[in-house]
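Here the sequence shown stands for residues 1 to 305, where the numbers follow full-length UniProt numbering.
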Amino acid sequence: MERHVALVTGASSGIGEQTALELLRRGFTVYGAARRVDRMSTIVDAGGHAIAMDVTDDASVSAAVDRIMADEGRIDVLVNNAGYGSYGALEDVPIEEARRQFEVNVFGLARITQLVLPGMRARRSGTIVNISSIGGRIYEPLGSWYHATKFAVEGLSDSLRVELEPHGIRVVVIQPGAIRTEWNGISRRSAIERSGDTAYAAQARALVRALEAADASSTASEPHVVAATIAKAATARRPRTRYATPVSAKFIVGLRRVLPDRVFDLVIRSVFAPTTAELAEQRAAERPAAAPGARREADPDRAAA
Ligand SMILES: NC(=O)c1ccc[n+]([C@@H]2O[C@H](COP(=O)([O-])OP(=O)(O)OC[C@H]3O[C@@H](n4cnc5c(N)ncnc54)[C@H](OP(=O)(O)O)[C@@H]3O)[C@@H](O)[C@H]2O)c1
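Okay, structure coming up:
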């Protein structure tokens, strides 16, 4: 029997790396894709392939998909996993960075999907697994752009599911909760970089604390837990439309479904509330000058606006 072929983006770390390894264990021919090819040696050692890909670069994505099609003649499963968290108050995040967040988390996913679809349509089979987040259903302060991208992935995937059903192609959404990967540190750093010394500094510190606590919490999971769910979705005869994982993620998504906005706001506010010390620190930093304006003028994007 022919081995099924899977392409997993963002395979140099975290969920993508574990997914590539899990699909290899399940007998797939696996191509892991990422910018840091040197970080995919575990996949190569396990019998997979590592392929250079920057999801924001058309040429790089085309070259990767062309190579797989030339070598294997098919891609049965596409796991759109590459992504990162860009945090910071909306007022503080340059629009250029917001565009980059969308380029990676949304347009990158769409770019690869467009290139993989002709082959899947020709065979009238295939599964596209889009890695969203519980953040595609809930929200955090200073998370506007990350959540905007994940809500976009949710809507895009719903449309795509019904669009591709007549062509025999399945679309599945995965909604991970807190997973211990590089994602958390990258997100925390972006919040401090953007809003660590602005009018949102106390909220940025509170966000960082909440993200750290989520990572350390017993309800957080290791990435192999998500990988197992992805592999299950990719191999199921009739997969569910969405999988929230781990259990804590199911609970949060369920809570969001039943609570009205204002009540859910209370939950979010309590989790991300700055401490008295953080607020005092911010007030002290603001005292010498009108800080927000000063910071704004220093930003060339805003000066030009
Ligand atoms: N960890 C969590 O708590 C969590 C929760 C919900 C959802 N998620 C989602 O899960 C997915 C995987 O994240 P993770 O937690 O495994 O984080 P991670 O450890 O930081 O891995 C992210 C992967 O994305 C790749 N990537 C980033 N920018 C890229 C680009 N421009 N082109 C190609 N690849 C790129 C990275 O590879 P290179 O840097 O080598 O290119 C890396 O392999 C993301 O979509 C994330 O939003 C994570």
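Beta carbons: idealized from backbone N, C-alpha and C, even for Gly.
Asked, Found
"Contiguous beta strand (DSSP E) assignments of at least 3 residues, all confined to the segment 96 to 153", "126 to 131"
"H224 in three-state terms, based on DSSP", "helix"
"Three-pair Cβ contact test at 8 Å for the segment 172 to 191 versus the segment 207 to 224", "yes"
"Test item: CB-CB of A6 and V30 under 8 Å", "yes"
"Short Cβ contact (8 Å threshold) for I112 with V65", "yes"
"Residue range of the beta strand (DSSP E) that includes R257", "Careful: R257 lies outside any beta strand (DSSP E), inside the alpha helix (DSSP H) at 247 to 258."
"Whole-angstrom distance between V173 and R121, CA atom to CA atom", "20 Å"
"Inter-residue CB distance, T9 and M53 (contact presumed, cutoff 8 Å)", "7 Å"
"Rounded straight-line distance, which links the Cα of R283 to that of Y84", "31 Å"
"Three CB pairs or more closer than 8 Å across the segment 38 to 54 and the segment 234 to 250", "no"
"Residues that DSSP places opposite T29 in a beta bridge", "V5"
"For A33, the nearest candidate out of R237, T56, R25, G27 (CA to CA)", "T56"
"Nearest-angstrom Cβ-Cβ length linking T241 and R161, presumed shorter than 8 Å", "6 Å"
"Span separating the alpha-carbon of V106 from that of E281", "37 Å"
"Buried or exposed by the 16-neighbour rule on C-beta atoms within 10 Å, applied to V263", "exposed"
"P166 in three-state terms, based on DSSP", "helix"
"Pairwise C-alpha distance: D265 and G136", "16 Å"
"Residue range of the unbroken alpha helix (DSSP H) whose run includes N184", "182 to 195"
"Length at least 3, wholly inside the segment 35 to 85: the beta strand (DSSP E) runs in chain order", "49 to 52, 77 to 80"
"Residue range of the alpha helix (DSSP H) that includes I268", "261 to 271"
"Beta bridge counterpart(s) of V208 as assigned by DSSP", "Answer by DSSP bridge pairing: none, since V208 is not bridged."
"Three-way DSSP call (helix, strand, coil) for A294 in this model", "Any reading at A294 needs caution, since the residue's pLDDT is 48, under 50, leaving its predicted position unreliable; the model's value is listed next. Reduced to three states, the DSSP call for A294 is helix."
"Rounded separation between V61 and E286 - CA only", "46 Å"
"Buried or exposed (CB count within 10 angstroms, at least 16 for buried), G108", "buried"
"In DSSP terms, what V172 is bridged to", "V129"
"Contact set for P223: own chain, Cβ-Cβ below 6 Å, skip 5 residues either direction", "G14, I15, Q18, I179, T181"
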